[in-house]
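Heads up: the structure comes next, in structure tokens.
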Amino acid sequence: MTDTTETSPALSPTIDLKDLGTVHRLGFGAMRIVGPGVWGEPESRGTAVDVVRRAVELGVDFIDTADSYGPNISEEIIAEALYPYPDGVRIATKVGFVRTGPDVWVPVGRPEYLRQQTELSLRKLKVDSLDLLQLHRIDPKVDRDEQFAVLRDLQQEGKVKALGLSQVSVEDLEAAARFFTVSTVQNRYNLTDRSSEDVLKYSEDNGIGFIPWAPISAGELAKQGGPVDEAAKCLGASTSQVALAWLLRRSPVIMPIPGTGSIAHLEDNLGAANIALDDATFAELDAAGAAAAAK
């Protein structure tokens with residue numbers, strides 16, 4: 001495996017996010033630092049704190065969380081680990097999803113709820129203004145424009161620096177742009193899931209950071225003898241590093257945020273910053289992923 005002792009995501013390329021500034025494209029997702037099913041306390045809160053601190057030690061300057069991770073616990077752990085936050089470290093959070101139990105997600109987009117949760121995130125993260133607030137899901141039971149309008153208002157009030165959306169269509173992005181500048185979009189995207197290809201293209205055309213969730217998922221491709229496994233062996237890397245390296249090369253706006261509750265897995269994931277895919281390997285992985293996605 002690639003030696004991560006001298007590896008830093010700061011070696012990854014940077015992106016300039018609208019209303020937020022420059023961050024390195026390889027970040028950290030803080031969903032896995034809570035309990036099973038993204039519910040409750042982690043097995044060891046101390047370990048979770050150490051994972052977050054280690055991510056920043058290795059050069060991560062973009063951390064993504066949500067009020068529903070735990071709920072509340074992920075944001076609290078991030079504050080415990082990092083407050084007062086080191087210069088240049090940006091914390092992104094999300095509102096609009098409710099956790100009522102393990103592995104249960106319920107969209108709630110009532111304007112008063114989105115405002116309430118934003119205020120609570122400010123308190124939990126111990127800041128006066130959130131670096132990046134993302135609408136976790138558009139609630140189909142609430143007028144979409146009402147949800148966008150409250151985000152705009154929160155930004156105008158100075159409670160949020162930058163705004164983003166999650167799991168949306170191009171049409172959603174165009175509608176949101178009538179209310180505020182969209183800095184990021186967070187949709188599922190990886191080697192074998194290309195369902196958001198049009199959203200990625202829109203992001204490229206409009207200078208929007210594209211945060212792929214489930215970035216490491218490669219399915220059959222990562223199994224022994226598969227193209228991801230073969231590439232990993234040739235590069236002396238892990239299959240996770242190869243999947244992340246493919247994303248980093250796939251587009252200059254892609255910002256992978258692999259998440260884990262383990263320092264060893266964290267260091268392995270961030271080692272993707274040192275993996276350079278040559279043209280032939282990238283093309284082979286791209287074609288294999290596209291074929292798997294089309295099945």
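When we follow the UniProt record's numbering, the leftmost residue of the sequence shown carries the number 1, and every step to the right adds one.
Cβ coordinates follow ideal geometry from the N, Cα and C atoms, glycine included.
Quick caveat, the model's predicted, so the values are computed rather than measured.
Under 7 Å Cβ to Cβ from Gly96, same chain only, skipping five residues before and after it: list those, please.
-> By 1-based counting over the sequence shown, the position of residue 96 is 96. Answer for Gly96: Pro107, Val108, Gly109, Leu114, Leu135, His136, Arg137, Asp139, listed in chain order.
Should Glu75 go down as buried or exposed, given a rule of 16 or more other Cβ atoms within 10 Å for buried?
-> One-based indexing of the sequence shown puts residue 75 at position 75. Glu75 is buried by the Cβ-count criterion.
Per DSSP, cross-strand counterpart(s) of Val23 = The residue labelled residue 23 in the question sits at position 23 within the sequence shown. Per DSSP, Ile15.
Does the beta-carbon distance from Gly59 to Ser8 come in below 8 Å?
-> The sequence position of residue 59 within the sequence shown is 59, counting from 1. The sequence position of residue 8 within the sequence shown is 8, counting from 1. Going by C-beta atoms, Gly59 is nearer than 8 Å to Ser8.
8 Å Cβ cutoff met for Ile275 and Arg25 | For the purposes of this step, residue 275 is identified with residue 275 of the sequence shown, where counting begins at 1. For the purposes of this step, residue 25 is identified with residue 25 of the sequence shown, where counting begins at 1. No; because the gap between Cβ atoms is not below 8 Å, this pair is not in contact.
Extent of the continuous alpha helix (DSSP H) to which Lys161 belongs | The residue you call residue 161 lines up with position 161 of the sequence shown. Segment 160-166 is the beta strand (DSSP E) holding Lys161; no alpha helix (DSSP H) there.
Sort out for me which residues DSSP pairs Gln134 with in a bridge.
-> Looking up residue 134 in the sequence shown gives position 134. In DSSP, Gln134 forms a bridge with Lys94, Gly164.
Cutoff 6 Å; reference Phe282; Cβ partners in own chain excluding five residues on either side | The sequence position of residue 282 within the sequence shown is 282, counting from 1. These residues qualify, in order along the chain: Arg249.
Please report the Cβ distance between Ala264 and Leu11, rounded to the nearest whole angstrom; I am assuming they are in contact, meaning their Cβ atoms lie under 8 Å.
-> If you number the sequence shown from 1, residue 264 lands on position 264. If you number the sequence shown from 1, residue 11 lands on position 11. With 8 Å as the limit, Ala264 and Leu11 do not qualify as a contact, their Cβ atoms being about 19 Å apart.
Bridge partners - Asn187, DSSP secondary structure assignment = The residue you call residue 187 lines up with position 187 of the sequence shown. Answer is Pro212, bridged to Asn187.
Tell me whether Gly46 sits in a helix, a strand or coil according to DSSP, three-state version.
-> On the sequence shown, position 46 is the one that residue 46 refers to. The answer is helix: DSSP assigns Gly46 an H, G or I state.
From which residue to which residue does the beta strand (DSSP E) around Phe62 run?
-> On the sequence shown, residue 62 is found 62 positions in, with the first residue counted as 1. Counting along the chain, the beta strand (DSSP E) containing Phe62 begins and ends at 62-64.
Please state whether DSSP places Phe179 in a helix, a strand or coil.
-> Within the sequence shown, the letter at position 179 stands for residue 179. Three-state DSSP puts Phe179 in coil, outside helix and strand.
Reduced DSSP category for Val106 - H, G, I as helix; E, B as strand; rest coil | Position 106 of the sequence shown, counted from the first residue, corresponds to residue 106. Reduced to three states, the DSSP call for Val106 is strand.
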